[in-house]
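These protein sequence lines map, in sequence, to chains V and G. According to my numbering, the first sequence is numbered sequentially starting from 1. According to my numbering, the second sequence is numbered sequentially starting from 1. Cβ coordinates follow ideal geometry from the N, Cα and C atoms, glycine included. Data first, discussion second: the structure below is written as structure tokens.
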Amino acid sequence: MVDLQERQAAAATAAASPAIHCVELSKHFGRTVALAGLTMTVPRGEVFGFLGPNGAGKTTAVKLLLGLLEPTGGEGWVLGRPLGEVAVRRRVGYLPELFRYQPWLNGGEVLRVHCELARLPRAAWKAETGRVLELVGLADRAGDRVRTYSKGMQQRLGLAVALLGTPELVFLDEPTSALDPVGRYDVRKVIHHLRDQGTAVFLNSHLLTEVEMVCDRVAMVDRGRVIATGTLDELLGGRSCRVRVTGLDVGQRRVLTQQFGRADDDGEWIVFRGLEAERVPDVVAEVVRLGGRVYAVEPRHETLEDRFLQLLGEGR
Amino acid sequence: MLDFAPVLTFAKLTIWEAARRKLLIAVVILTLVVIGATAWVFHELRYASGPGGGPELSEVELLLLASQVLIFVVFLFAAVLALMSVLVSAPSISGDVESHLVLAMLARPVRRSELVLGKWLGLAALVVLYAAGAGILELLVVNLTTGYTPPSPAGLIAYVAAMGLVLLTFALLLSTRLAGMTAAIIPLIGYFIAWVGGIMGGIGAAFDNQGLIVTGLVSKLLLPTDGLWRGAVYAMEPATVVATLRAAGRLSGGNPFAATDPPAPAFLAWTVIWFVLMIGLTLWSFQRREI
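And the structure:
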């Protein structure tokens, strides 16, 4: 009994501050493991990128956190409340990956239905629907039936639905999948707006460049597990440098790559990771000393994509 | 635990959808056409002559004839209502799950049970509204054309509406697990089997055949549509018809358009239990569905 109370107290303390906290959360569908054991903490007020290849369990994780699915194992808290609690959903917004809204209603009516389901005070409905329609750029189409909307407009409507009632946490599952570049830019603006007002955003995406542009912190998942998590700076670990080299044999190349830390030998190109800018001339000098010829030197930032592919490669 | 506000929202949404999809207007227009056609039939009855161009029907003959024709007309309405109840309910939950429409709604502070009950309530309102509207209009037409009113108009409408509710409830249960088409076909086949089962049970009772009696009873317990139909028939039979049937004894037992007694209170109690069980099963089934 005391044990249980202690556990509950500990859980409550752990869950008091973060937007999301989960420990070994798992979901099996029959014999298929959709999520193997998700452990992570999403702080309040930050934009959190949840990255992973298709089938990594991203959407399953979101559904578990929203209480749309029952976990097979593990536990979790959203805004300090245990998973599956109904009342906490008043403070949460959600844009599903496969978004669809009543085609026989118009955009404004869909939003009013959601105001009703979200228990917003009736007096606030008009202002609130107007506000979110303006935010997602749909104000002039609010009176049209959803069935006349393009896919991109339906996704904008879904975003508007997710923003109703100024939630403390918003789940966006691939929010730009149906949008053109202008739409993507608009979504980034909306996400920045949410962060400015202190809303935590859980962004599910495989569009790494997008995530890089808006997220404060990311978790990378593969086959139902987090393989890396941290701020972008922590994950990317500074600069890298790409050098095109010929005239070195396998042994010489190995000497070179071992000398300068993390490096990938990719045929003609050798990529040195986490290399300080002032060491680039040393790399070139060493290539020349070993008898190699240098054709190109490209210092650059490591992208999230590089890091992601590298981590995936290590894990497999 | 259960909150009534979201239940009402989902009920309203269900009726709204039927209205917006022009389903209601189509059904109303078709029903009006059928009622118009039956008005003509009943009007013709009044001026029908006897055999070989003899004198017109007497008042008693006319009322008797009207009561029998009404039973067939109501049978037609009941079949339309059965079809409509099933076709509207069968895709109701499965369609929303397959199209992912439920995701955004269930992520709100609502329970799955509230969605199921809301859908049931909305569909039930449509069924009762149709049964009452079409029933009252048809009875008015019969009364105006022939002067005949069945002994228990309210009972008639209640029994027909209950048949629709049974089928709607069954189809909604299947809709939590099966695709729309499958969830529609099973209750419709069940409806016909229960009808035939009722005839079998009647024949069994007439000829003291235990096998047939049990068949009739089982079909009545599994799907109480035919038992309710007999209630509707009884509500439409004038005292003279009931007396004639009773005099004919057990030979009238197999006739699906005749009833010598009102449904037993035990059967009506079972029907209420049946509804509770089926709705409970529907809630349980949808609660466990992965979405």
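Anticipated Cβ contact below 8 Å, residue i with residue j, distance rounded
i	j	result
Gly95 of chain G	Gly180 of chain G	6 Å
His172 of chain V	Leu135 of chain V	One detail in the question is off: residue 172 of chain V reads as Leu in this sequence, not His. The Cβ separation is near 13 Å, so there is no contact.
Thr246 of chain V	Leu207 of chain V	The pair is not a contact, with the Cβ atoms about 36 Å apart (cut-off 8 Å).
Ala118 of chain V	Arg90 of chain V	6 Å
Ile270 of chain V	Ala277 of chain V	Not a contact, Cβ separation roughly 17 Å.
Ile20 of chain V	Val88 of chain V	Rounded, the Cβ-Cβ distance is 11 Å, inconsistent with contact.
Val218 of chain V	Leu51 of chain V	6 Å
Ala162 of chain G	Leu174 of chain G	The pair is not a contact, with the Cβ atoms about 19 Å apart (cut-off 8 Å).
Residue-level contact to chain V via CB, residue i, 8 Å cutoff
i	result
Pro109 of chain G	yes
Ser252 of chain G	no
Ser99 of chain G	yes
Ser21 of chain G	Ser is not the amino acid found at residue 21 of chain G; the sequence shown has Arg there. Taking Cβ atoms only, chain V reaches closer than 8 Å to Arg21 of chain G, which makes this a yes.
Ala104 of chain G	yes
Pro6 of chain G	yes
Glu44 of chain G	no
Ile15 of chain G	no
Ile291 of chain G	yes
Leu2 of chain G	no
Thr146 of chain G	no
Thr9 of chain G	yes
Per-residue DSSP class, three states only, for residue i
i	result
Glu138 of chain G	helix
His114 of chain V	helix
Pro151 of chain G	coil
Glu134 of chain V	helix
Phe50 of chain V	strand
Val271 of chain V	strand
Asp306 of chain V	helix
Leu129 of chain G	helix
Glu174 of chain V	coil
Phe257 of chain G	coil
Asp226 of chain G	helix
Ile93 of chain G	helix
Arg111 of chain G	coil
Ala14 of chain V	Note that Ala14 of chain V has pLDDT 45, beneath the 50 cutoff, so the model's placement of it is unreliable and the number below is only indicative. Ala14 of chain V falls in the helix class under three-state DSSP.
Arg119 of chain V	coil
Thr176 of chain G	coil
Ala319 of chain V	There is no way to answer for residue 319 of chain V, as the model of chain V reaches only from 1 to 316.
Leu251 of chain G	helix
Thr246 of chain V	strand
Residue range of the unbroken beta strand (DSSP E) whose run includes residue i
i	result
Leu203 of chain V	200–205
Leu57 of chain G	Counting along the chain, Leu57 of chain G falls outside any beta strand (DSSP E), and DSSP gives it neither H nor E.
Thr231 of chain V	225–231
Leu35 of chain V	32–42
Ala263 of chain V	263–266
Ile20 of chain V	20–29
First through last residue of the alpha helix (DSSP H) which encompasses residue i
i	result
Glu210 of chain V	208–214
Thr257 of chain V	250–259
Phe275 of chain G	265–287
Leu101 of chain G	101–106
Val190 of chain V	181–196
Arg289 of chain V	280–289
Ala219 of chain V	Looking at the DSSP string, Ala219 of chain V is not in any alpha helix (DSSP H); the run it does join, the beta strand (DSSP E), is 217–222.
Phe192 of chain G	180–206
Leu163 of chain V	151–163
Leu245 of chain G	239–248
Short CB-CB distance (under 8 Å) between residue i and chain G
i	result
Trp125 of chain V	no
Val2 of chain V	Caution applies to Val2 of chain V, whose pLDDT of 48 falls short of 50 and renders its modelled position unreliable; the value that the coordinates give is listed next. Chain G contact via Cβ: absent.
His28 of chain V	no
Tyr185 of chain V	no
Trp104 of chain V	yes
Tyr295 of chain V	no
Tyr149 of chain V	no
Gly158 of chain V	yes
Arg100 of chain V	yes
Arg254 of chain V	no
Arg90 of chain V	yes
Glu116 of chain V	yes
Ala200 of chain V	no
Val146 of chain V	no
Where in the stretch 13–54 of chain G do unbroken runs of the beta strand (DSSP E), each at least 3 residues long, occur, reported from the N-terminal end onward? none
Alpha helix (DSSP H) runs wholly inside the stretch 54–107 of chain V, at least 4 long, in chain order: 58–66
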